[in-house]
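Remarks on the structure that follows.
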Amino acid sequence: AGFPVTVALTGDTTWVEWVAAWLPDEPDTTRLLRLVVRAADSSAVAGPLVVLGAERPLYVRTLAWEDAVVAEGDTTRLAIVTYNGAGRAADLAAMRLRADTSLVTLPLHLLELPASVALTGDTTWVEWVARWLPDEPDTARLLRLVVRTADSSAVAEPIAVVGLERPLYVRFLSWDREQVVRDEIATLSIGAWNWAGRSVELRALRRAQDRTLVPVPLESLGLPATVALSADTTRLEWVAVWLPDEPDTTRPLNLVMALADSSLLAGQLMVIGPPWPPDSLVAVPEPGGPGAPRLEAVYPTPSPGALWVSFTLAGEEPASLELMDVAGRRVWRTSLGPSPAGRHVARLGDGHLPGGIYFVRLSQAGRQFVARAVVLR
Numbered sequence: 037a038g039f040p041v042t043v044a045l046t047g048d049t050t051w052v053e054w055v056a057a058w059l060p061d062e063p064d065t066t067r068l069l070r071l072v073v074r075a076a077d078s079s080a081v082a083g084p085l086v087v088l089g090a091e092r093p094l095y096v097r098t099l100a101w102e103d104a105v106v107a108e109g110d111t112t113r114l115a116i117v118t119y120n121g122a123g124r125a126a127d128l129a130a131m132r133l134r135a136d137t138s139l140v141t142l143p144l145h146l147l148e149l150p151a152s153v154a155l156t157g158d159t160t161w162v163e164w165v166a167r168w169l170p171d172e173p174d175t176a177r178l179l180r181l182v183v184r185t186a187d188s189s190a191v192a193e194p195i196a197v198v199g200l201e202r203p204l205y206v207r208f209l210s211w212d213r214e215q216v217v218r219d220e221i222a223t224l225s226i227g228a229w230n231w232a233g234r235s236v237e238l239r240a241l242r243r244a245q246d247r248t249l250v251p252v253p254l255e256s257l258g259l260p261a262t263v264a265l266s267a268d269t270t271r272l273e274w275v276a277v278w279l280p281d282e283p284d285t286t287r288p289l290n291l292v293m294a295l296a297d298s299s300l301l302a303g304q305l306m307v308i309g310p311p312w313p314p315d316s317l318v319a320v321p322e323p324g325g326p327g328a329p330r331l332e333a334v335y336p337t338p339s340p341g342a343l344w345v346s347f348t349l350a351g352e353e354p355a356s357l358e359l360m361d362v363a364g365r366r367v368w369r370t371s372l373g374p375s376p377a378g379r380h381v382a383r384l385g386d387g388h389l390p391g392g393i394y395f396v397r398l399s400q401a402g403r404q405f406v407a408r409a410v411v412l413r
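Each residue of the sequence shown is one higher than the one before, starting from 37 at the first, in my numbering.
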């Protein structure tokens, strides 16, 4: 402190000049020294002299949680250990540590943590009632919270806040498209909150011609009855399966997926699946023998790009099929003759028609038949 150990006395009153020195008192660095000077034998004691330390920079040595893991609603404490903290405040910030090790800033008011803490000594304790915040799109009920000083000079080890158990809530079921061709891939999205470690039960229905919904066994579609949830949006890829609808086997499959309790339904998915092999021209004998030529059906319409036509030919006279756009321009033509009399099925074009309105024309023996079709893109 700069005091002499021995003072030579020069009179009844001897004065000793002293340049005040402030000494820190570990672990208290509050810049306040209460100095007591006495004779070596304690026969005389000078009352305390208060020495104020010169202003020194605040230094936050450590931030540390009292607990490593807490449940939502539990009380824990954050220790803020500083030098030169008395009369000052430490500014805080908070972040979420995600599974991919990225950090996302969290507003302190949502956590009910103070943005600024008044320091009361070298160690200041902040009590906190743990708050759990969901992390969109991850609501796994676990918050890895990192608290630091606002300038990032000190960072506390992450504290894990476990959210209380909450009921599973399925927000949506949806397909990534409205139409799909058999054997193509469609994706069913299942959106949920509080999904971690949980699963959903599914059921499938077919929309019949009379608009009623008819159950379809999931195993016949190659779809699982139970889907384990892995995120707020769990995606299930499905190789589209087409099932005929007896007695009409030329219709698309209008598939509706639902939760097992039917509390939520996905929008309808139309599965297109021609009942005959692609790129074929198949003769189907007509009951009662051959009749007059006619154009029976063009399907599916609307179509995602491939059109099929069923028609009847009379005798083996030459015939043709043509596809024309709405302006009357021919975009495709094929000769059918000579072909056996009876019912036939053919695909129009290469199966990749641009979107628009088309007209199909069958010609035989001087007679023509026209049908309209729609292709969506």
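For each residue, glycine too, the CB sits at the ideal point set by N, CA and C.
query, result
"Best match in L99, V182, L59 for proximity to V140 [C-alpha to C-alpha]", "V182"
"Endpoints, the alpha helix (DSSP H) within which E255 is located", "254–257"
"CA-to-CA distance, V43 to S79, given in whole angstroms", "15 Å"
"Exposure of R137, with buried meaning 16 or more beta-carbon neighbours within 10 Å", "The amino acid occupying residue 137 in the given sequence is Thr; Arg does not appear at that position. T137 is exposed by the Cβ-count criterion."
"H388 (DSSP reduced to helix, strand or coil)", "coil"
"Outcome for Y394 when other beta-carbon atoms lying within 10 angstroms are tallied against a minimum of 16", "buried"
"Opposing strand residues paired with P251 [DSSP bridges]", "L241"
"Inter-residue Cα distance where the pair is D344 and L178", "A small fix is needed here, since residue 344 is Trp in this sequence, not Asp. So the alpha carbons of these two residues sit roughly 54 Å apart."
"Buried or exposed (CB count within 10 angstroms, at least 16 for buried), R74", "exposed"
"Three-state secondary structure (DSSP) of L200", "coil"
"Coarse secondary structure for L146, derived from DSSP in three states", "helix"
"Check whether L36 and A192 have beta carbons under 8 Å apart", "This structure gives no information on residue 36, because the portion of the chain shown stretches from 37 to 413."
"Buried versus exposed call for I221 [16 or more other C-beta atoms within 10 Å across all chains shown]", "exposed"
"Where A228 sits in the DSSP three-state scheme", "strand"
"contact_flag[the segment 147–158, the segment 110–129] where n(CB pairs < 8 Å) is 3 or more", "yes"
"Straight-line Cα distance separating P376 from L349", "7 Å"
"Same chain, Cβ closer than 7 Å to A328, neighbours up to 5 away in sequence not counted", "A350"
"Assumed close pair V263, I226 - CB separation to whole angstroms, cut-off 8 Å", "6 Å"
"Alpha-carbon spacing of R234 relative to V334, whole angstroms", "46 Å"
"As assigned by DSSP and simplified to three states, the class of L419", "The first residue shown for the chain is 37 and the last is 413, placing residue 419 beyond what the model contains."
"Three-state class that DSSP yields for S152 in the structure shown", "strand"
"Helix, strand or coil at A407 according to DSSP, with G and I counted as helix", "strand"
"Inter-residue Cα distance where the pair is V81 and P40", "16 Å"
"DSSP three-state assignment for E220, whether helix, strand or coil", "coil"
"Length of the line joining the Cα atoms of W58 and S189", "26 Å"
"Distance, R383 Cα to P314 Cα", "Because the pLDDT at P314 is just 37, under 50, the model does not fix this residue reliably, and the value given afterwards should be weighed accordingly. Between P314 and R383, the C-alpha separation is close to 7 Å."
"Under 8 Å between C-beta atoms of F405 and L357", "no"
"Cα-Cα separation between L295 and R242, rounded to whole angstroms", "14 Å"
"Buried or exposed (CB count within 10 angstroms, at least 16 for buried), S346", "buried"
"Simplified DSSP assignment, three categories, for S356", "strand"
"Three-state secondary structure (DSSP) of V277", "coil"
"Under the three-state DSSP convention, the category D103 falls into", "coil"
"Closest by C-alpha distance to V105, when choosing among A122, D171, G121, I195", "I195"
"Minimum C-alpha distance to L146 - residue among M360, G157, L169, V162", "L169"
"DSSP three-state assignment for R74, whether helix, strand or coil", "strand"
"Residue of A107, V216, A135, T160 minimising C-alpha distance to G199", "A107"
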